[in-house]
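*Asks:* Below is the structure I would like to discuss, written out as structure tokens.
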């Protein structure tokens with residue numbers, strides 16, 4: 001007999017309730033990623049990581065842990081203002097108390113910067129400055145496509161894309177963090 005469908009709980013502090021967060025019972029590692037690949041730089045034995053796939057209208061959020069070496073989609077933020085954006089980010093940081101934050105850096109196919117790159121860099125610097133948490137930029141090329149493939153649908157993929165970005169970091173932090181300083 002299949003397991004009952006797990007209940008969903010809303011994201012904390014006013015995030016888009018039309019797109020609820022995954023509850024702990026529903027949390028699963030990002031599909032299609034073994035998490036057991038070679039790692040150039042070992043992460044400390046256990047750290048909580050929070051990842052953001054930044055967009056001007058929506059921000060995908062994922063949660064991961066270095067002990068389990070898996071990332072999972074958490075929720076999608078849809079703030080209307082900058083103040084709401086950082087209130088929602090602050091609530092997530094307070095709730096999960098991550099040791100490190102990962103922010104996806106959108107680059108062109110040849111690895112160059114684009115206008116969205118500067119928006120993500122600014123978002124990363126603002127998180128670091130406002131909340132005094134270490135932020136690492138990770139190349140996010142292809143993460144949305146991979147998220148769509150994992151979801152198997154045209155459903156909102158922002159949180160899954162954040163999980164893909166975070167899983168890349170967990171799989172190889174030295175290579176994944178090469179997208180920019182810190």
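Numbering (UniProt numbering), first residue to last: 1 to 182. Beta carbons: idealized from backbone N, C-alpha and C, even for Gly. Please read all numbers here as calculations on a predicted model, not as lab measurements.
For residue 168, does the three-state DSSP call read helix, strand or coil?
*Replies:* Helix at residue 168.
*Asks:* Can you give, in chain order, each stretch of the beta strand (DSSP E) that sits fully within the UniProt domain "YqgF/RNase H-like" (47 to 147) and has at least 3 residues?
*Replies:* The qualifying runs are 48 to 53, 59 to 65, 70 to 77, 100 to 105, 135 to 139.
*Asks:* Answer yes if the region 125 to 137 comes into contact with the region 95 to 105, meaning at least three C-beta pairs across the two stretches below 8 angstroms, and no otherwise.
*Replies:* Cβ pair count under 8 angstroms is three or more, so yes.
*Asks:* How long is the line joining the alpha carbons of residue 98 and residue 162, rounded to whole angstroms?
*Replies:* Whole-angstrom Cα-Cα distance: 15 angstroms.
*Asks:* Is DSSP giving residue 158 helix, strand or coil here?
*Replies:* Correct three-state label for residue 158: helix.
*Asks:* Could you compute how far the alpha carbon of residue 109 sits from the alpha carbon of residue 116?
*Replies:* Cα to Cα, residue 109 sits roughly 13 angstroms from residue 116.
*Asks:* Looking at residue 75: is its Cβ nearer than 8 angstroms to the Cβ of residue 89?
*Replies:* Going by C-beta atoms, residue 75 is not nearer than 8 angstroms to residue 89.
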